[in-house]
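Start counting the sequence shown at 8; every next residue gets the next number (my numbering).
Idealized CB from N, CA, C, for every residue including glycine.
None of the values given here were measured: they were computed from a predicted structure.
Accompanying notes for the structure given below.
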Amino acid sequence: MYYCADCPRKCNAPKSETQPNGYCGAALLPIINRAAPHYWEEPCISGEKGSGAVFFGGCVLKCVYCQNHKISRKPKGKAYSIDELAELFRELEQQGVHNINLVTPTHYTYAIIKAFEKYKPKIPIVYNCGGYESVETLKRLDGIVDIYMPDFKYYSGDTALRYSNAPDYVNVAKDAIAEMFSQVQKPIFDDDGIMQKGVIVRHLVLPSLANESKQIISYLDKTYGEDIIFSLMRQYYPACKLDKFPELMRKVTDAEYEEVSEHLFSSSLDGFVQDNESADASYTPEFYTE
């Protein structure tokens with residue numbers, strides 16, 4: 008029996024290969040709801056050949072506004088054995104993708120590590136997560152992950168509690184990003200501009216929270232500056248039922264996004280900014296749940 012403490016919630020839930028348990032509602036063997044070349048990541052990740060994105064079911068955060076809520080609320084679909092997961096990584100690599108992109112992988116760390124022990128692709132491994140990560144778990148990934156791509160969602164414990172039931176999010180995310188950076192250091196790109204190593208921190212601007220967005224930018228600028236890549240995201244739209252959160256039942260305004268963008272442009276951070284068209288359901292991929 009595996010007593011899971013892989014995420015900062017450390018619920019120590021007993022898990023078997025197929026019996027779901029814990030806050031994330033996951034078993035040890037991963038549910039995968041999509042695995043295919045993906046072209047909607049940052050240009051240095053997707054490139055021309057696409058990123059080999061593996062979307063895992065379930066999540067340790069379960070944000071109330073999640074745009075992937077169809078698969079993040081409760082894992083459902085086919086469970087992959089360790090051998091099947093390793094073979095999936097091999098198949099994606101053979102399709103010519105630029106990297107293997109593990110999307111929301113935290114609660115399946117055990118299986119992911121075991122799969123890479125069986126087969127480790129020769130292309131970069133991307134750890135695409137919500138930023139709510141345990142330093143102890145990240146240390147187990149040292150030498151496996153080449154590119155860390157965490158979110159930095161909030162700069163207030165009250166906001167993190169309201170939207171993700173994670174009042175400790177801010178300090179946890181700071182410590183997690185520090186550990187990620189200590190492992191992979193400054194960004195490295197190949198001759199085609201495709202990232203091979205480094206940290207990309209993503210931030211999704213939420214309605215009425217421009218000040219928190221600016222605080223996150225200021226913190227990252229002061230702490231890392233040009234040593235990380237920053238991705239400012241405008242893709243928020245009300246994707247699920249939000250009756251208890253009326254402040255989230257609209258898109259981010261032009262004025263809000265411009266305020267945050269201007270703050271970013273005044274910093275030393277380098278990276279990417281999304282345009283208004285990204286705030287649309289068409290950018291959410293189709294998932295399979297059977």
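- Message: By alpha-carbon positions, which one of Arg169, Lys85 and Glu186 ends up nearest to Gly138?
- Response: Out of Arg169, Lys85 and Glu186, Glu186 has the C-alpha closest to the C-alpha of Gly138.
- Message: Tell me whether the region 153-165 and the region 113-129 touch, counting them as touching only if at least three CB pairs, one residue from each stretch, are closer than 8 Å.
- Response: No: fewer than three Cβ pairs fall under 8 Å.
- Item | Nearest-angstrom Cβ-Cβ length linking Val133 and Val212, presumed shorter than 8 Å | About 22 Å separates the two Cβ atoms, so there is no contact after all.
- Among Pro21, Pro44, Ser220 and Arg16, which one has its Cα closest to the Cα of Lys56? The shortest C-alpha separation from Lys56 is found at Pro44.
- From Val206, Gln242, Ile52 and Tyr264, residue whose alpha carbon lies closest to that of Cys73: Considering only alpha carbons, the answer is Gln242.
- Query: What's the call for Met256, buried or exposed, on a 16-neighbour Cβ count within 10 Å?
  - Reply: By the neighbour-count rule (16 or more Cβ atoms within 10 Å), Met256 is not buried but exposed.
- Residue range of the alpha helix (DSSP H) that Pro50 falls in? Judged by DSSP secondary structure, Pro50 falls within the alpha helix (DSSP H) whose first and last residues are Pro50 to Ser53.
- Write down the C-beta distance between Tyr155 and Val206 rounded to the nearest angstrom, noting that I regard them as a contact closer than 8 Å. Between Val206 and Tyr155 the Cβ distance is about 5 Å, and since that is below 8 Å, they are a contact.
- Query: Helix, strand or coil: how does DSSP classify Ser238 here?
  - Reply: It is a strand residue.
- Message: Excluding the 5 residues flanking Phe252 on each side, which residues of the same chain have their C-beta closer than 8 Å to its C-beta?
- Response: Cβ neighbours of Phe252 beyond the five flanking positions: Val71, Tyr72, Arg169 and Tyr170.
- Start-to-end residues for the alpha helix (DSSP H) that takes in Ile120: Where Ile120 is concerned, the enclosing alpha helix (DSSP H) stretches over Thr116 to Lys125.
- Report the residue from Ser189, Glu233, Asp197 and Tyr264 whose alpha carbon sits nearest the alpha carbon of His210. It is Tyr264.
- Task: Measure the C-alpha to C-alpha separation of Leu99 and Gln190 and round it to an integer number of angstroms.
- Result: About 25 Å.
- Message: For Asp234, which residues in the same chain have their Cβ closer than 6 Å to its Cβ, ignoring the five residues on either side in sequence?
- Response: Within its own chain, the residues whose Cβ lies closer than 6 Å to the Cβ of Asp234, once the five positions on either side in sequence are excluded, are Lys193, listed in chain order.
- Query: Does the distance from the CB of Leu239 to the CB of Val280 come in under 8 Å?
  - Reply: Cβ distance < 8 Å, so Leu239 and Val280 count as in contact.
- Go ahead and label Glu24 buried or exposed: buried means 16 or more other beta carbons lie within 10 angstroms of its beta carbon, across all protein chains shown. Burial call: exposed.
- Reference Asp199, options Ala20, Phe188 and Ile52, closest by Cα: With distances taken between Cα atoms, Asp199 lies closest to Ile52.
- Query: Going along the chain, which residues of its own chain have a beta-carbon closer than 6 Å to the beta-carbon of Lys81, five neighbours each way excluded?
  - Reply: Cβ neighbours of Lys81 beyond the five flanking positions: Gly32.
- Message: Just list the residues that DSSP pairs Lys22 with in beta bridges.
- Response: Paired residue(s): Tyr9.
- Task: Kindly indicate which residue of Gly103, Tyr87 and Ile107 has the alpha-carbon position closest to the one of Phe96.
- Result: Nearest option by C-alpha distance: Ile107.
- Task: Kindly list the residues whose CB is nearer than 6 Å to the CB of Ile236, restricted to its own chain and excluding five residues on each side of it in sequence; keep chain order.
- Result: The residues are Pro194, Ile207 and Gly278.
- Which residue or residues does DSSP assign as beta-bridge partners of Arg209? Arg209 pairs with Asp158 and Ser238.
- Query: Within 10 angstroms of its Cβ, does Asp153 collect 16 or more other Cβ (buried), or is it exposed?
  - Reply: With 16 or more Cβ atoms within 10 Å of its Cβ, Asp153 is classed as buried.
- Query: Could you give the residue range of the beta strand (DSSP E) that holds Gly164?
  - Reply: Segment Gly164 to Ser171 is the alpha helix (DSSP H) holding Gly164; no beta strand (DSSP E) there.
- Give every residue of the same chain whose Cβ lies closer than 8 Å to the Cβ of Asp228, excluding the five residues on either side of it in the sequence, and list them in chain order. So the qualifying residues of the chain are Ser274, Ser275 and Leu276.
- Query: Going straight from the alpha carbon of Pro37 to that of Tyr30, what length do you get?
  - Reply: When rounded, the separation of the alpha-carbon atoms in Pro37 and Tyr30 is 15 Å.
- Which residue spans inside the region 84-120 form an unbroken alpha helix (DSSP H) run of at least 4? Fully enclosed alpha helix (DSSP H) runs of 4 or longer: 89-101.
- Item | From Leu148, Val61, Leu271 and Gln203, residue whose alpha carbon lies closest to that of Glu94 | Ranking Leu148, Val61, Leu271 and Gln203 by Cα distance to Glu94 puts Val61 first.
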